[in-house]
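Data first, discussion second: the structure below is written as structure tokens.
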Amino acid sequence: MDGAHLLDLAVSPRPTPLGPPLIVDSFAGGGGASTGIEMALGRGPDIAINHNPAALALHAANHPDTLHLSENVYRVDPLDHLAGRHIGLMWFSPDCRHFSKAKGGAPVARNIRDLAWVIPGWIERIQKSGGQVDVVIMENVEEWKTWGPVIEPPRGPMPCPKRRGETFERWRKAIRRLGGKMETRELRACDYGAPTIRKRLFVIIRFDGQPIVWPDPTHGAPDDPRVIAGDLQPWRTAAECIDWSIPCPSIFDSAEAIRATLELRAVRPLADNTLARIARGVARYVLEAEAPFLVNLTHGERPGQAPRALDLGRPLGTIVAGGSKHAACAAFLAQQNGGPRMGAHAGHGARDPLSTVAASGSHQTPVATFFAKYYGTGDGARTDGPCHTITVKDRMAHMQAALQAPPFTAAHEARPREVAEFLRAHGAWDGGDLVTLDIAGTRYVIADIGMRMLTPRELFTAQGFPRDYVIEGVWEQDSDGGRDWRSFTKNTQVSCVGNSVCPPVAAAVVKANCGQLVEKDKMA
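What follows is the structure in structure tokens.
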């Protein structure tokens, strides 16, 4: 989306001198922290700051009552808006790219590495202006605590291995000199109600003399004794994030064939490393799984067969600023007695009642699912657990492996034999000409394997955003006083979700420390 055509952020209302203490969200991005703040307090931030106009426009579409400042944080003078003011909460999520494992390189760019110095700088200026800051919360990757000086050997700049964490300690002392009490802790999003295992470092700083409070987890693994006892809720699952109605084209078809039959754009052929990970994932999460994750997509059974209740149960993995660098892999098992091979369509969302899916005769279409990372060396994760981290690049895909229950005609055998050859070539199958799997007394044959990229909406759901969060676009006022619809590009959507804080975690931390800021009429 062209920044020149974005929502006129200058018309956003400004905070008034009176009223409750202000809330400020710096590095606001796609709005994860702001959404969490609103979940916890019944009110969003009064001021949001981000250098990226597209990200700030997406933020404004969801937080229209916030004053939006489209500026590089280094160029924002906090006294322009906060001189002499009472700040109840300041949230900072500085760029983590040069500290994150997901980047894959050394953290050396000073303008990014030094972003956190903005925090004590702002606090000091506000205090000297006669203002007051109560609570500051910062979120970043765990590696941020290793922040240290950079050296310049012949091969290029790199962090000094002998001085890891030295700059972080200087930063901590600067906060303490300003009167702040600080604690740090790593929190996993899945433990607070987001369907992702994303783990981040949280820093809570208080200047008001009140104790720092860390929220207790609200969710846990399904086999956790606290979950079994009913004290915690089970983790939300990757499966609930997937729209099962979206076609999942075969990994064996060409891009041209997929476009002709499904009217979808798909990258084919896939890279060798991607194919290898797919094969490992099918072996680990379908063929070798003690209980493959299953989704029943229809409600018909064979005559005399009891209805089959299939498990839908666990969370997704971490979402990061590069977009989706994971493949959400699903193996769907299509049971049928004759007729054409089931295609790569998984019939409906796993969160919906089965009665919404039409079925005829004796056909059943259960789905055994798993997630596989699209990068690195991992071979994936089950769909009945949390999602892995989502990055800011579009690299998360959904995989499916269609199965059929024999007998089926010779016309059905070409693709299943191709599946067997593919898995055998990658060491995932050493059996016969067809790959078979026994489930609940019925033998299935893997008939196909499909893969598609996850949509931005699925990624936002995995990050813990509300399902009605606006990511499609925004209405703008044109020069004639009318309104034009401006769509957010997919790149903007994926970048915003990958850079975002998980709202449920932000909500838990804010609720535990900022109860005095609650708007009670909105939380009733």
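FYI, the numbering for the sequence shown is 1 to 524, going by the numbering used here. Even for Gly, the Cβ is constructed at its ideal location relative to N, Cα and C.
Where the beta strand (DSSP E) through residue i begins and ends
i           : result
residue 88  : 86 to 92
residue 274 : Looking at the DSSP string, residue 274 is not in any beta strand (DSSP E); the run it does join, the alpha helix (DSSP H), is 272 to 282.
residue 490 : Run containing residue 490: none in the beta strand (DSSP E); it sits in the alpha helix (DSSP H), 490 to 499.
residue 261 : No beta strand (DSSP E) holds residue 261; the alpha helix (DSSP H) holding it covers 255 to 262.
Terminal residues of the alpha helix (DSSP H) in which residue i lies
i           : result
residue 479 : Run containing residue 479: none; DSSP gives neither H nor E here.
residue 129 : Segment: none, residue 129 is in no alpha helix (DSSP H) and carries neither H nor E.
residue 170 : 166 to 177
residue 511 : 503 to 513
residue 24  : Per DSSP, residue 24 belongs to no alpha helix (DSSP H); it is in the beta strand (DSSP E), 22 to 26.
residue 50  : Segment 47 to 50 is the beta strand (DSSP E) holding residue 50; no alpha helix (DSSP H) there.
residue 34  : 32 to 41
Neighbourhood of residue i by C-beta, 6 Å cutoff - its chain only, sequence neighbours within 5 removed
i           : result
residue 306 : Any reading at residue 306 must be qualified, since the residue scores a pLDDT of 31, below 50, and its modelled position is unreliable; the value itself is stated next. Within the same chain, residue 306 has no close Cβ partners at all.
residue 86  : 21 and 132
residue 72  : 51
residue 206 : 135, 181 and 212
residue 417 : 433
residue 220 : 226, 227 and 232
residue 426 : 276 and 279
residue 343 : Low confidence applies here, because residue 343 scores a pLDDT of 32, under 50, leaving its location unreliable and the question unanswered by this model.
residue 200 : 139
residue 479 : none
Whole-angstrom distance between residue j and residue i, CA atom to CA atom
i           : j           : result
residue 188 : residue 196 : 8 Å
residue 488 : residue 497 : 13 Å
residue 228 : residue 512 : 25 Å
residue 471 : residue 446 : 37 Å
residue 476 : residue 58  : 12 Å
residue 325 : residue 209 : Annotation note: pLDDT 40 at residue 325 (below 50); position unreliable, coordinate value reported separately. In a straight line, the C-alpha of residue 325 is about 42 Å away from that of residue 209.
residue 66  : residue 235 : 32 Å
residue 237 : residue 222 : 11 Å
residue 283 : residue 429 : 8 Å
residue 29  : residue 41  : 20 Å
residue 438 : residue 288 : 11 Å
residue 43  : residue 243 : 31 Å
residue 265 : residue 259 : 6 Å
residue 263 : residue 454 : 16 Å
residue 467 : residue 502 : 14 Å
Contact belief for residue i with residue j at Cβ below 8 Å, rounded distance in angstroms
i           : j           : result
residue 94  : residue 126 : In fact, because the Cβ distance is near 18 Å, the residues do not count as touching under 8 Å.
residue 181 : residue 137 : Wrong, their Cβ atoms sit about 13 Å apart, outside the cutoff.
residue 175 : residue 215 : About 21 Å; that fails the 8 Å criterion.
residue 88  : residue 514 : 6 Å
residue 179 : residue 160 : That pair is no contact at about 31 Å.
residue 246 : residue 452 : 7 Å
residue 202 : residue 518 : Wrong, their Cβ atoms sit about 20 Å apart, outside the cutoff.
Residue i, buried or exposed, once every other Cβ within 10 Å from all chains shown has been counted against 16
i           : result
residue 198 : buried
residue 74  : exposed
residue 537 : No statement about residue 537 is possible, as the shown extent of the chain runs from 1 to 524 and does not include it.
residue 449 : buried
residue 493 : buried
residue 218 : exposed
residue 286 : buried
residue 531 : Outside the modelled stretch of the chain, which goes from 1 to 524, sits residue 531, for which no answer is possible.
residue 46  : buried
residue 140 : buried
residue 253 : buried
residue 410 : exposed
residue 267 : exposed
residue 273 : exposed
residue 456 : buried
residue 23  : buried
Own chain partners of residue i with C-beta closer than 8 Å, once the 5 adjacent residues on each side are dropped
i           : result
residue 432 : 420
residue 504 : 36, 39, 189, 192, 193, 194 and 464
residue 146 : 99, 159, 164, 165 and 168
residue 118 : 26, 73, 74, 92 and 94
Chain D contact for residue i (CB, 8 Å cutoff)
i           : result
residue 231 : Absence of chain D from the displayed structure is noted, only one protein chain being present.
Own chain partners of residue i with C-beta closer than 7 Å, once the 5 adjacent residues on each side are dropped
i           : result
residue 506 : 32, 33, 36 and 37
residue 166 : 148 and 149
residue 358 : Confidence in residue 358 is poor, its pLDDT being 17 and thus under 50, which makes the residue's placement unreliable; the coordinate value appears in the next sentence. Within the same chain, residue 358 has no close Cβ partners at all.
residue 422 : 279
residue 224 : 232
residue 473 : 485, 486, 487 and 488
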